[in-house]
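*Asks:* Numbering (my numbering), first residue to last: 112 to 290. Once you've had a glance at the structure underneath, I'll fire off some questions.
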Amino acid sequence: MIDPYLLRRALYALGFVLLSAAILFVRILPIDTGPGGFPPPDLILCFAFAWSVRRPDYLPVVVVIAVLIVADMLTLSAPFLAPFLALIALETLRSRRAQLADQGFVVEWVLVGTIFTLMMLAERLILGLFLVPQPAFGLSVLETLVSAVFYPIAVLITTLGLRVTWLKPGALDPEAQVP
112 MIDPYLLRRA
122 LYALGFVLLS
132 AAILFVRILP
142 IDTGPGGFPP
152 PDLILCFAFA
162 WSVRRPDYLP
172 VVVVIAVLIV
182 ADMLTLSAPF
192 LAPFLALIAL
202 ETLRSRRAQL
212 ADQGFVVEWV
222 LVGTIFTLMM
232 LAERLILGLF
242 LVPQPAFGLS
252 VLETLVSAVF
262 YPIAVLITTL
272 GLRVTWLKPG
282 ALDPEAQVP
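Listed below in structure tokens is the structure:
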């Protein structure tokens, strides 16, 4: 018989993969081929950050990295750069989750916005060092801002829709206890 806690962890990881697959499917559809408009937010990272802050045990880093590698291949981005930066960002958030649990959502939002900004700047710096063509700086800034603005929506979907709630440090998982 499988442990209910391990089953739940596996189901949440599978749910993240399916959610990411749906996001990637919509992203690669040729819906709007004209110039202009806002760049789409990086919803995969928004959900990964929200899950990693609330319940890092539900989302292994390997799953996020694998999803981001597939996303890089499908969207023809620089391979392995976004997963590398996301790995650093996820581990930064995981190390600060105890402090974020005690502070308000605004502090979490500012931290995630700062991480999005630092990821964008690091990506531009690395791509610039290797002379890889990149989008205009204003477009990158706008994508970062849109991702930061959509982070609260991802948190709402994560907490209310998918029921990924905070587990306070030192607390036991109430759903994992068997009578």
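Idealized CB from N, CA, C, for every residue including glycine.
With a CB to CB cut of under 6 angstroms and the five nearest residues on each side skipped, what residues in its chain are close to Gly268?
*Replies:* Just to set this straight, residue 268 is Ile in the shown sequence, not Gly. Closer than 6 angstroms at the Cβ level, and outside the excluded window around Ile268, lies no residue.
*Asks:* Does DSSP classify Pro141 as helix, strand or coil?
*Replies:* coil
*Asks:* Per DSSP, what kind of secondary structure is Ser131 in: helix, strand or coil?
*Replies:* helix
*Asks:* Where Trp220 and Leu273 are concerned, what is the direct C-alpha to C-alpha distance, given to the nearest angstrom?
*Replies:* 19 angstroms
*Asks:* Can you tell me which of Arg166, Leu204 and Ala133 puts its alpha carbon nearest to the alpha carbon of Thr225?
*Replies:* Leu204
*Asks:* Run the CB neighbour count on Leu196, radius 10 Å, all protein chains shown included, and call it buried at 16 or more, exposed below.
*Replies:* buried
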